[in-house]
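Under numbering that gives the first Met the number 0, the sequence shown has 13 at position 14, and the numbering climbs by one with no breaks. We put the CB at the ideal spot given by N, CA and C, even for glycine. Please read all numbers here as calculations on a predicted model, not as lab measurements.
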Amino acid sequence: MRLRLLDRYVLSELLYPFIFGIASFSSIFIASSMLFKLTQYMTKYGASGETIARLFMYSLPEVVNYTFPMSMLLASLMAFGKLSGSSEIVAMKSGGISYYRIVAPVLIVAFFVSMFSVVWAEKVVPAAKVQYGRILEYEIKKNTKPRTQDHVIIKTLSGSTQRITYARRFDEEKGLMENITIEEFEKSHLARIQTAKQAYWENGSWRLEDGTVYTMNEAEGIKSTAKFKEQIIPLDVTPREISWEQKEPEEMTIRELREYISVLERQHQPTARQWCEIYMRISIPLASFFFAMIGAPLGTQKQRTSSSIGLGISIIVIFIYYAIMTLTTGLGKGGVMNPLLACIIPNLICLGAGVFLLQKKNA
């Protein structure tokens, strides 16, 4: 019973700083960059207030996702700064409760915040970014999207057959796709592969030229091969629709990214950027847990510390973390470093620092 009361007491000290952190860090993000962009869209493109409001709402999920780790760091710093400043940490340890046990409820909450953030980053953020991009390009910039694109992927479903069409290069204005690969799946098994030098849009249909059809067998691999001079493919999307359906890696879910990567790998194209995006979807949310490991012992001081000091320490730790993350992920996306290693290095550093600080405070 005593430990349950302890847990509730520690968590009550954590709640308000966490909410304050989300609000304050989100405000910093909004004031530092977002407001300038929104104002620019109104003055340069004449966007309406209603359009700007919707754009603002769709930008918030990504901002909030970045503030979860920051807020957990600030909350643990301020909560334990208050507890130690009033000698409550000393009283708890004098009662035979280890420092690890005192910190445990904070780490548990931080773990659940991390798991929630993973789901948020996968389910909410990509969808919001897609809508953000559509409003920006369609409604504000009035269809100024580039008409020539590389690495275009179109997914279609007809009955039990799923087709993934990949084009190395796509020109919307000419209605032309080059270096095409079409994979057809029947009941989740690869049934056919078609390749062609190019496809062009004519009379409401896409026509392949100079291609090959490979019939696949799950056990034997390629079962038969047939060449063709010209062939109409069952792809009923216009060049304009193809152009607008393409997503940036940041707008894709992890499943879409993995499908994209598999296509790029079969085309022997670099995939480091896409792998980094997948790993970052997990590593940034997990930072909430590692920041709590650092924040609690840093906040545990012999003398009472003000909330401004806790905020200052938070900013320093956050700056160091994101500076390291920017460096390593840049190397990872460029293919200089293994993408997985590049994305987890900041968290590994935080883990090492957290374990060291916790052991030091428990001594």
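(message) Can you tell me whether Ser70 is buried or exposed? The criterion is at least 16 other CB atoms within 10 Å of its CB, across all chains shown.
(response) buried
Query raised in the report: Which of the three DSSP states, helix, strand or coil, is assigned to Met251?
Result: coil
What does the Cβ neighbour count give for Tyr15, buried or exposed, with the cut at 16 atoms within 10 Å? exposed
Please state whether DSSP places Gly335 in a helix, a strand or coil.
Per the sequence shown, the amino acid found at residue 335 is Val instead of Gly. Residue state, collapsed to three classes: coil.
Give me the residue from Gly48, Ala295 and Ala30 with the minimum Cα distance to Ile134. Gly48
*asked:* Helix, strand or coil, according to DSSP, for Ser204 in the structure here?
replied: strand
Bounding residues of the beta strand (DSSP E) (the contiguous stretch that carries Met176): Leu175 to Glu185
Check: Would the beta-carbon of Ser75 fall within 8 Å of that of Gly298?
Finding: yes
Exposed or buried, Gln193, counting other C-beta atoms within 10 Å across all chains shown (16 or more means buried)?
buried
Check your understanding: Roughly how many angstroms separate the alpha carbons of Ile323 and Asp209, rounded to a whole number?
Key -> 49 Å
Quick one: give me the first and last residue of the alpha helix (DSSP H) that Ala271 is part of.
Ala271 to Gly298
Would you kindly work out how many angstroms separate the C-alpha atoms of Val9 and Met114, rounded to a whole number?
-> 21 Å
### Straight-line gap, Val335 to Lys226 (C-alpha atoms, nearest Å)
40 Å
request  = Run the proximity test for Met56: is its beta-carbon closer than 7 Å to any non-hydrogen atom belonging to the ligand SAH?
outcome  = For the ligand SAH, the structure offers nothing, since it holds no ligand at all.
- Query: For Gly45, does the three-state DSSP call read helix, strand or coil?
  - Reply: coil
- Task: Buried or exposed for Lys424, please, with buried defined as at least 16 other CB atoms from any protein chain shown within 10 angstroms of its CB.
- Result: Residue 424 lies beyond the range of the chain shown here (0 to 362); nothing can be said about it.
In three-state terms, what does DSSP make of Gly210? strand
Can you name, in chain order, every residue of its own chain whose Cβ lies under 6 Å from the Cβ of Ala294, other than the five neighbours on each side?
According to the sequence as given, residue 294 is Gly; it is not Ala. Closer than 6 Å at the Cβ level, and outside the excluded window around Gly294, lie Leu72, Ser75 and Leu76.
What does the alpha-carbon distance come out to for the pair Leu34 and Met41? 11 Å
Practice task
With a threshold of 16 other CB atoms inside 10 Å of the CB of Met0, please say whether the residue is buried or exposed.
Solution key: In this predicted model, Met0 has a pLDDT of only 46, less than 50, meaning its place in the structure is not dependable; the value taken from the coordinates is given anyway. Exposed: under 16 other Cβ atoms inside 10 Å.
Checklist entry - Over what stretch of residues does the beta strand (DSSP E) that includes Tyr165 continue unbroken? => result Thr160 to Asp170
- Consult DSSP for Leu189 and reduce its assignment to one of helix, strand or coil. strand
task: Check each candidate in Phe55, Ala166 and Thr50 and name the one with the smallest Cα separation from Ala30.
output: Phe55
request  = Within its chain, find whatever has a CB closer than 7 Å to the CB of Pro338; leave out the 5 residues flanking it on each side and keep chain order.
outcome  = Ala271, Trp274, Cys275, Tyr278 and Gly331
Check your understanding: Do Phe289 and Phe110 have their C-beta atoms within less than 8 Å of each other?
Key -> no
Quiz item: Do you know whose CA, among Val316, Ser83, Glu172 and Gly329, lies nearest Val102's CA?
Solution: Ser83
- Message: Starting from Lys226, trace the beta strand (DSSP E) in both directions and tell me its first and last residue.
- Response: Gly220 to Ile232
Exercise. Apart from the five residues just before and just after Ile163, which ones in its own chain have a Cβ nearer than 6 Å to its Cβ?
Worked result: Lys154 and Glu182
Exercise. Tell me which same chain residues have a C-beta within less than 7 Å of the C-beta of Phe24, skipping the five on either side of it?
Worked result: Thr66, Met69 and Ser70
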